[in-house]
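Colleague:
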Amino acid sequence: MIQAPPVSPSLLSRTRAFLASRGLRPRRVRGQHFLVDPRVRDAIVAAAGITPGRMVVEIGPGTGVLTEALLSAGASVLAVELDRDLAAALTEGLGSHPGLSVRVGDALRFDFATHFGDHPACGGIRVVANIPYYITTPLILRLLRFREVFDALYLTVQREVAERISAGPGSKTYGALTLACQYRAEARPVLRIPRGAFYPAPEVDSTLLRFDLLDTP
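Quick note on numbering: the sequence shown equals residues 1 to 217 in the working numbering.
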């Protein structure tokens, strides 16, 4: 598993300016911790194997740091953002890009199967996201049920949650969450991300987890 490099002061300053210019502040109640290191961002995009033409769902795009990188890699991106102010700012900044579609909504309620319908990419769409930590478990369990839509998920989660999900039988962290996730996907950690890679910094370090969805009954 790769160790992510330290935070970039320039992107941190840019993120602060982006928020301040719009009168916005990170809302901890919504688990808002914005990615502020371009090297971590690029490592996520590379790990997810993003190539031109790939359809990607991003949940909680925030200030659009990862969104912009996904678009630059040639992906078409559906960005689902609960915060209306951030969604408006993202649309203002990147909305003219033909590959971006921004939807205001709750990812826990979003019907991805209906949204994509007969989309030719169905079954091969990827989720690439730094997900809000307070909805980590319910969101992962929900996304894993859309095998007809997604082939893989690349999700940044708390390190301890990553350890539980990817645990092997007999380990101390093996439990109900492990079983629920591994029934529907093969999960493995691919990138360690220090807490300082986000603004504001969360209380714990993070891990990028890769889920390869399985065909289940």
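Where is the CB? At the ideal position from N, CA and C, for every residue including glycine.
1) DSSP puts residue 182 in a beta bridge; with which residues?
2) Between 216, 60, 15 and 204, which has its C-alpha nearest residue 129's C-alpha?
3) Near residue 101, which residues of its chain fall below 6 Å by C-beta distance, leaving aside the five closest residues on each side in sequence?
4) Hey, would you say residue 151 sits closer than 8 Å to residue 124, going by beta carbons?
5) Decide if residue 68 is buried, meaning its Cβ has at least 16 other Cβ atoms within 10 Å, or exposed.
6) Pick out the complete beta strand (DSSP E) segments inside the segment 93-179, 3 residues or longer, and give them in chain order.
7) For residue 207, tell me which candidate among 147, 215 and 191 has the shortest Cα-Cα distance.
8) Between which two residues does the beta strand (DSSP E) containing residue 66 stretch?
9) Can you give me the Cβ contacts of residue 159 inside the same chain, cut-off strictly under 7 Å, excluding the 5 residues immediately before and after it?
10) In angstroms with no decimal places, state the Cα-to-Cα distance between residue 165 and residue 189.
11) Would the segment 21-30 and the segment 81-93 be scored as touching if the rule is three or more Cβ pairs under 8 Å?
12) Check residue 17 in the structure and name its three-state DSSP category.
13) Roughly how many whole angstroms lie between the Cα atoms of residue 173 and residue 96?
14) Can you list, in chain order, the residues of its chain with a C-beta nearer than 7 Å to that of residue 99? Leave out the 5 residues immediately preceding and following it.
Modeller: Short version:
1) As a first step, residue 182 is located in the sequence shown; it is residue number 182 there, counting from the start. DSSP output for residue 182 lists no bridge partner at all.
2) Position 129 of the sequence shown holds residue 129. Of the candidates 216, 60, 15 and 204, the residue whose Cα lies closest to the Cα of residue 129 is 60.
3) For the purposes of this step, residue 101 is identified with residue 101 of the sequence shown, where counting begins at 1. Here the set comprises 78.
4) In the sequence shown, the residue the question calls residue 151 occupies position 151. In the sequence shown, the residue the question calls residue 124 occupies position 124. Yes, the pair counts as a contact, with Cβ atoms nearer than the cut-off.
5) Along the sequence shown, read from residue 1 onward, the residue named residue 68 stands at position 68. With 16 or more other CB atoms across the displayed protein chains lying within 10 angstroms of its CB, residue 68 is buried.
6) As for any beta strand (DSSP E) of minimum length 3 sitting wholly inside the segment 93-179, the runs are 100-104, 125-130 and 150-158, ordered along the chain.
7) Position 207 of the sequence shown, counted from the start, is the residue given in the question as residue 207. For the options 147, 215 and 191, the alpha carbon positioned closest to that of residue 207 is the one of 191.
8) For this step, residue 66 is matched to residue 66 along the sequence shown. In the DSSP annotation of this structure, residue 66 is not part of any beta strand (DSSP E); the continuous alpha helix (DSSP H) holding it starts and ends at 65-72.
9) Counted from its first residue, the sequence shown places residue 159 at position 159. The answer, listed in chain order, is 204, 205, 206 and 207.
10) Translated into the one-based positions of the sequence shown, residue 165 becomes position 165. Translated into the one-based positions of the sequence shown, residue 189 becomes position 189. Rounded to whole angstroms, residue 165 and residue 189 show a C-alpha spacing of 9 Å.
11) Result yes; three or more Cβ-Cβ pairs closer than 8 Å.
12) One-based indexing of the sequence shown puts residue 17 at position 17. Residue state, collapsed to three classes: helix.
13) The residue given as residue 173 occupies position 173 in the sequence shown. The residue given as residue 96 occupies position 96 in the sequence shown. Spanning the two alpha carbons is a distance of roughly 45 Å.
14) For this step, residue 99 is matched to residue 99 along the sequence shown. For residue 99, same chain residues with a beta-carbon under 7 Å away, outside a window of 5 residues either side, are 71, 75, 76 and 77 in chain order.
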